[in-house]
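Residue 281 in this note's numbering is what sits at position 87 of the sequence shown, and the numbering runs on without skipping anything.
Beta carbons are placed, not taken as given, at the ideal position from N, Cα and C, and that holds for glycine.
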Amino acid sequence: MSEAAVVLITGGAKRIGAALCRRFHEGGYRVLLHYRHSKDAADALASELNQEAPDSCCCIQADLNTLSGIRQLAESAKRKWGRVDLLINNASSFYPTPIADCNDAQWDDLMGSNAKAPLFLSQALAPTLAKHKGAIINFADIHAEKPMANHSIYNMAKAANVMLTKSLALELAPSIRVNSIAPGAILWPEAGEENASILAKIPLQRCGGEAPICQAAWYLAEQAPYTTGQILAIDGGRSLHM
Ligand SMILES: NC(=O)c1ccc[n+]([C@@H]2O[C@H](COP(=O)([O-])OP(=O)(O)OC[C@H]3O[C@@H](n4cnc5c(N)ncnc54)[C@H](OP(=O)(O)O)[C@@H]3O)[C@@H](O)[C@H]2O)c1
């Protein structure tokens with residue numbers, strides 16, 4: 195019997211990342227669950243998954259804003275089970291940066307998690323991903339194309355993330371497929387409330403929730419062998435008339 199494939203999911207402790215961990219675990223993957231600050235949530239999810247299948251989920255802590263953190267994460271990921279088949283770059287910082295007072299620290303933070311880490315994690319894991327005919331799934335945003343007011347650095351970082359997907363799809367073919375999910379309104383920010391003015395602009399008239407993102411990620415990982423370099427919007431139609 196062949197060994198189970200391994201997925202590394204960044205920012206996997208909560209919200210969309212946690213839903214992705216559950217979905218890929220349910221689909222038979224062993225899960226490398228990366229977190230930065232959410233240790234309790236990460237440990238609780240790992241113990242839930244390990245109860246279902248022993249030694250099937252492992253937590254790895256790292257700050258993705260530093261190259262040393264990114265490289266340590268990649269090394270720990272490869273060491274745990276000797277392979278990585280799928281990299282899901284889900285971790286992301288998100289907050290407004292009005293032009294009047296945005297700063298260098300915000301630049302490093304937003305660019306770090308949304309653009310730099312996906313690039314250097316892909317670099318570090320490319321050999322093992324290639325060996326296993328693997329895939330990378332990045333997380334963009336519909337606002338990579340049409341900007342969100344007062345979020346210039348985040349918009350720029352996600353635009354870079356989109357170009358990363360297209361660039362790596364070319365460069366890593368034919369051995370690694372690289373695609374991206376561009377969510378619309380899926381979950382409100384942890385500190386934020388439901389926003390009626392955003393809901394009014396969504397043709398399907400609701401927030402998406404985690405399930406359609408998990409379906410899209412599963413499709414890109416497992417059911418799309420001839421698809422690479424694509425940005426799949428999961429947004430209830432929001433990007434049609436932004
Ligand atoms: N939610 C939405 O409606 C929506 C809309 C558009 C795009 N997206 C994209 O979809 C993905 C998931 O969204 P989400 O709302 O579930 O994300 P989220 O809760 O805002 O963030 C996910 C995780 O990213 C980790 N993270 C942030 N900065 C980090 C850094 N510098 N180093 C390491 N980890 C870092 C955090 O981990 P810890 O908690 O462990 O610190 C956090 O829990 C993101 O890429 C997001 O941009 C989401």
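Whole-angstrom C-beta distance between V200 and C215, which should lie under 8 Å: Taking the sequence shown and counting its residues from 1, the one referred to as residue 215 is at position 21. Taking the sequence shown and counting its residues from 1, the one referred to as residue 200 is at position 6. Wrong, their Cβ atoms sit about 12 Å apart, outside the cutoff.
If you measure between the beta carbons of I375 and L323, is that distance less than 8 Å? Translated into the one-based positions of the sequence shown, residue 375 becomes position 181. Translated into the one-based positions of the sequence shown, residue 323 becomes position 129. With a cutoff of 8 Å on beta-carbon distance, I375 and L323 are scored as not near each other.
Would R277 and A318 be called neighbours here (beta carbons separated by less than 8 Å)? Stepping through the sequence shown from its first residue, residue 277 is reached at position 83. Stepping through the sequence shown from its first residue, residue 318 is reached at position 124. No. Outside cutoff.
Which residues bound the alpha helix (DSSP H) around Q317? As a first step, residue 317 is located in the sequence shown; it is residue number 123 there, counting from the start. DSSP places Q317 in the uninterrupted alpha helix (DSSP H) bounded by 311-325.
Quick test of your reading: P304 and A351, contact by CB under 8 Å. State the CB separation rounded to the nearest angstrom. In the sequence shown, the residue the question calls residue 304 occupies position 110. In the sequence shown, the residue the question calls residue 351 occupies position 157. Checking the sequence, you will find Leu at residue 304 rather than Pro. Correct: roughly 5 Å between the Cβ atoms.
In the DSSP assignment, find the unbroken beta strand (DSSP E) run with C296 in it and report its ends. Sequence index remark: in the sequence shown, residue 296 carries index 102 (1-based). Bounds of any beta strand (DSSP E) do not take in C296, whose DSSP letter is neither H nor E.
Check whether T204 and L239 have beta carbons under 8 Å apart: To locate residue 204, count along the sequence shown from 1; it is residue 10. To locate residue 239, count along the sequence shown from 1; it is residue 45. No, the pair does not count as a contact, with Cβ atoms beyond the cut-off.
What do you get for R400, buried or exposed, if any count of 16 or more other CB atoms within 10 angstroms of its CB means buried? Position 206 of the sequence shown, counting from 1, holds the residue named residue 400. So R400 ends up on the exposed side.
Identity of the residue in L358, E388, G430 nearest T422 by Cα: Residue 422 sits at position 228 when you count from the first residue of the sequence shown. Closest by C-alpha distance to T422, out of L358, E388, G430, is L358.
Roughly how many whole angstroms lie between the Cα atoms of L202 and L434? Position 8 of the sequence shown, counted from the first residue, corresponds to residue 202. Position 240 of the sequence shown, counted from the first residue, corresponds to residue 434. Here the alpha carbons of L434 and L202 stand approximately 32 Å from one another.
Check whether the Cβ of F288 sits closer than 7 Å to any heavy atom of ligand 1, and report yes or no. Position 94 of the sequence shown, counted from the first residue, corresponds to residue 288. Under cutoff, so the answer is yes.
My parser needs the beta strand (DSSP E) runs of 3 or more residues fully inside the segment 235-265; what are they? 251-255
Alpha carbon of A198 to alpha carbon of E220, nearest angstrom: In the sequence shown, residue 198 corresponds to position 4, counting from 1. In the sequence shown, residue 220 corresponds to position 26, counting from 1. Those two C-alpha atoms are separated by around 12 Å.
What do you get for I336, buried or exposed, if any count of 16 or more other CB atoms within 10 angstroms of its CB means buried? Translated into the one-based positions of the sequence shown, residue 336 becomes position 142. Result: buried.
Using alpha carbons as the reference points, say which of G403, I347, S232 lies closest to D298. For this step, residue 298 is matched to residue 104 along the sequence shown. That would be I347, whose Cα lies nearest to the Cα of D298.
Return the residue from the list N283, R273, L280, N308 that minimises the CA-CA distance to Y289. Counting from 1 along the sequence shown, the entry for residue 289 is found at position 95. It is N308 whose Cα lies nearest to the Cα of Y289.
Residues near A311 in its chain [Cβ-Cβ closer than 6 Å; skip 5 each side]: Along the sequence shown, read from residue 1 onward, the residue named residue 311 stands at position 117. L258, I264.
Looking only at C-alpha atoms, which of E387, C408, L364, P368 sits nearest to P377? The count along the sequence shown starts at 1 and reaches residue 377 at position 183. For P377, the nearest C-alpha among the options comes from C408.
N- and C-terminal bounds of the alpha helix (DSSP H) containing Y413: Counting from one through the sequence shown, the residue named residue 413 turns up at place 219. That run of the alpha helix (DSSP H) goes 404-416.
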